[in-house]
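Here the structure is laid out as structure tokens; the discussion comes afterwards.
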Amino acid sequence: MKNLLNQLLGEANPSDSALAKRMRLHQSWWRAFVLKEEQGQHPMAKDQLIGSSIAKGEVSYSNFLDEYAQRAVRETLSERGSASKGMISESRLFNNLLSSQPLCFNFFGRLKYKLDLATKVIQHYYPDVKEVTNIHFEFAPNAAQNGDNSAHDVAIEFETADGKQGLIGLECKYTEPFSAKEYRNENYEKLYRESDAFVAGYDELTNTKNNQLFRNQLIVESALLNKRYDVAYSGLFCFEQDDNALTKGAAFQKMLKQGEERFKIITLAQLIETIQQLQLDWESREWSMMLWARYCATRLSNNLL
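For the sequence shown, UniProt numbering begins at 1 and goes up steadily by one.
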């Protein structure tokens, strides 16, 4: 029986961290027993298979939980051009179940097309939001002149009660580490000096530990300085068991003035709980339960350990 289960679950990755190992198993369980699909290509080794990938997801769209996520993927890809910021790896998006890229569409795709629901959800974390007006994926506004290809995984545009235009830019993590590369350019230092957001020094903000979150913060600071938005926030949306992400997010908050207001940390479980406490139609409630099962409900795959 154990041999059969291992065969169904597929290949693992011996170099995984403890968190990645556990969640790879959970996504392998999802693929084998929910999607009932064969394992797909290893994202980093094209001649190998891995249990947390599927094959031909660009045809089946089975990496996405509902029609709203699928629609958001199609529209986002069709609207991207050569000048679009950020990067979307279509192989990762369609076939890697462990990736945070499809996770973004699964959590926020429905909200993009149900803006009343999105408003109620986002107001729980940002009380000054009167109305969510749009949700983008892998997005940075043209007004963000930070001189690189940085983009928010999810960007939420909104309006306040007094008519101000706002932006919330989120970095999304499931098990992936933050980028370890240190990026620096003249625009970063210029924005750092012109913005009043930071209390930490430039060298500390651009080091390996903080560089990715710092660059994301510069997107909103640049857009504010260039008057594209009247109010803007950044944040981290991450798995509640990802201690590395939570620790780095909390440390980054302390590097900002009014850090807990300017940079919020929201976990997957917290967002699901917020959604489930609302009055929902049954389809949306079922979607929230599928989010829980797909990304958080490790007890469903505990018997495979």
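Here a beta-carbon is modelled for each residue, glycine too, at the ideal position from N, C-alpha and C.
Your pair residue 245 and residue 256 does not check out as a contact, with CB atoms roughly 17 angstroms apart and the cut at 8 angstroms. Judged by DSSP in its simplified three-state form, residue 26 adopts helix. A contact is defined here as three or more CB-CB pairs under 8 angstroms, and the region 86-96 meets this definition with respect to the region 136-149. Between the region 201-217 and the region 172-188 there are three or more inter-stretch CB-CB distances shorter than 8 angstroms, so the stretches are counted as touching. The alpha-carbon separation between residue 188 and residue 240 amounts to approximately 30 angstroms. Taking a cut-off of 8 angstroms for Cβ pairs, the region 192-200 and the region 104-121 do not touch, as fewer than three such pairs fall below it. Around the C-beta of residue 81, fewer than 16 other C-beta atoms lie within 10 Å, and the residue is accordingly described as exposed. CA-CA distance, residue 47 to residue 11, rounds to 13 angstroms. For residue 72, same chain residues with a beta-carbon under 6 angstroms away, outside a window of 5 residues either side, are 105, 109, 112 in chain order.
Residue 95 sits in a helix when the DSSP states are folded into three classes.
Residue burial annotation: residue 194 is exposed, with fewer than 16 other C-beta atoms found within 10 angstroms of its C-beta. Just measuring C-alpha positions, the residue of 223, 107, 206 sitting nearest residue 173 is 107.
Sequence-distant Cβ neighbours of residue 19 in its own chain, meaning closer than 7 angstroms and more than five residues away, are 175, 241, 242.
Collapsing the DSSP output to three states places residue 131 in a strand. In this structure, residue 52 places its C-beta atom within 8 angstroms of the C-beta atom of residue 97. In this structure, the straight-line span from the alpha carbon of residue 123 to that of residue 274 is close to 10 angstroms. Residues of the same chain with a CB within less than 6 angstroms of the CB of residue 234, apart from the 5 flanking positions on each side, are 169, 216, 217, 220, 263 in chain order. Distance between residue 42 and residue 101, taken at the CA atoms: about 16 angstroms. Judged by beta-carbon spacing, residue 94 lies within the 8 angstroms limit of residue 63, meaning their Cβ atoms are closer than that value. Under the three-state reduction of DSSP output, residue 201 falls in the coil class, being neither helix nor strand.
Residues of the same chain with a CB within less than 6 angstroms of the CB of residue 164, apart from the 5 flanking positions on each side, are 230, 231 in chain order. Non-local beta-carbon contacts of residue 288 in its own chain, meaning distances under 8 angstroms to residues more than five positions away in sequence, involve 272, 275, 276, 280 in chain order.
Residues 111, 115, 118, 119, 122, 156, 157, 158 of the same chain have their beta carbon placed closer than 8 angstroms to that of residue 132, with the five preceding and five following residues left out of the count. Between residue 13 and residue 50, the C-beta gap is smaller than 8 angstroms, which places the two residues in contact.
C-alpha of residue 298 to C-alpha of residue 60: approximately 25 angstroms in a straight line. Residue range 268-276 is occupied by the alpha helix (DSSP H) that includes residue 271. Looking from the CA of residue 130, the closest CA among 67, 166, 145 belongs to 166.
Annotated as proximal: residue 31 and residue 54, with beta-carbon spacing under 8 angstroms. When only Cα atoms are considered, residue 143 and residue 191 end up about 13 angstroms apart. Across the set 249, 145, 26, the C-alpha of 145 shows the shortest separation from the C-alpha of residue 227.
Shortest Cα-Cα distance from residue 205 to any of 238, 92, 252, 178 involves 252.
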